[in-house]
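Per my numbering: the sequence shown = residues 1466 to 1555.
Down below is the structure, laid out as structure tokens.
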Amino acid sequence: MEYTEEIHAEGLLEIFSQAKPCGSCPSQKMRERYDVEYWDGEKQGLEPQCDVCWDFIGGERWANCPCYDGNQARAAKATWLALEAKGYLE
């Protein structure tokens, strides 16, 4: 199954509804919901979910994950602004 922006946004909204969203990966949440073991490309060593995540916030990679290495607040803000700008909060 392909990991799309829509699936990513769905996962983001789910983790933002938690008391402590940082430390949760939207990709992992959606694996559970869609009963997916691997996203398309993962078995070939690709990280499509990471590419979608970085493309979603429109930033240059500063780490493997936007929330990695103490950047949770920056990642959360960029993600929330992207959700709003892309119309997922309406």
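Positions of the beta carbon are idealized from the N, C-alpha and C atoms, including for glycine.
- Going by beta carbons, Gly1476 and Pro1486 fall outside the 7 angstroms limit.
- Taking a C-beta distance under 7 angstroms as the contact criterion, Leu1554 and Leu1546 do not qualify as a contact pair.
- When DSSP states are grouped into helix, strand and coil, Gly1523 belongs to the coil group.
- With fewer than three CB-CB distances shorter than 8 angstroms, the segment 1478-1485 does not count as touching the segment 1505-1520.
- Its chain contains Trp1519 as the residues whose beta carbon lies nearer than 7 angstroms to that of Arg1526, once the 5 sequence neighbours on both sides are disregarded; these appear in chain order.
- For Glu1497, the enclosing alpha helix (DSSP H) has its first and last residue at Pro1491 to Tyr1499.
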